[in-house]
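Student: Okay, so the sequence shown: first residue is 3 according to the working numbering, each after it adds one.
Heads up, the beta-carbon is just placed ideally off N, CA and C, and yes, glycines get one too.
Since the model is a prediction, treat every value here as computed from it, not as a measurement.
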Amino acid sequence: MSTHKKEQLTPAHIQEKLMALKPTLLQGYPLSYLAFTIVTRQAIDHTVAKGEEVILGEWTELYIIVDFKEAVGWQFYKLQATLIDYLQTEVSLITKTSPDRGWISKQTKPYEII
């Protein structure tokens, strides 16, 4: 079970934290793009009476979208660990070409940092 808090997942808070971390990230990783988006999801029970939906729960996910100037290999996972430690929340790190990128673009506009 994760010990990271999620109560500060606001765009302003995440943007401020990533802007402060930006110089360190640029020194340690060949980043050409860094953005984030926050997606709220709901678990819905569709098995109830026809035409009704019951919301079982709601949660928020932080997606950080990156692109690199060169291949990074294991640095990708090191970057994810760095972001989780710094932001103190779970992070889904994806690239600009990730299959997840398509539906995220339709859900919300990313906040660009780099």
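What do you get for TYR65, buried or exposed, if any count of 16 or more other CB atoms within 10 angstroms of its CB means buried?
Tutor: With 16 or more Cβ atoms within 10 Å of its Cβ, TYR65 is classed as buried.
Student: How should LEU36 be labelled, buried or exposed, when 16 other C-beta atoms within 10 angstroms of its C-beta is the threshold for buried?
Tutor: By the 10 Å Cβ count, LEU36 comes out buried.
Student: Can you give me the C-alpha to C-alpha distance between PRO32 and GLU72, rounded to a whole angstrom?
Tutor: Rounded to whole angstroms, PRO32 to GLU72 spans 7 Å at the Cα level.
Student: Can you tell me the Cα-Cα spacing of GLY75 and LEU27, whole angstroms?
Tutor: Distance between the alpha carbons of GLY75 and LEU27: 16 Å.
Student: Beta-carbon within less than 7 Å of VAL93's beta-carbon, same chain only, minus the 5 sequence neighbours each way: which residues are those?
Tutor: So the list reads LEU64, ILE66, GLN82, LEU85, ILE86, once near-sequence residues are dropped.
Student: Kindly identify the DSSP beta-bridge partner or partners of ILE96.
Tutor: Paired residues: ILE67.
Student: If you draw a straight line from the alpha carbon of GLY30 to that of THR62, how long is it in whole angstroms?
Tutor: Answer to the nearest angstrom: the Cα atoms are 28 Å apart.
Student: Exposed or buried, which one is THR12 when buried takes at least 16 other CB atoms within 10 Å?
Tutor: The residue is exposed, with fewer than 16 neighbouring Cβ atoms inside 10 Å.
Student: Taking LEU11 as part of the alpha helix (DSSP H), name the residues at either end of that continuous run.
Tutor: Here LEU11 belongs to no alpha helix (DSSP H), and DSSP marks it neither H nor E.
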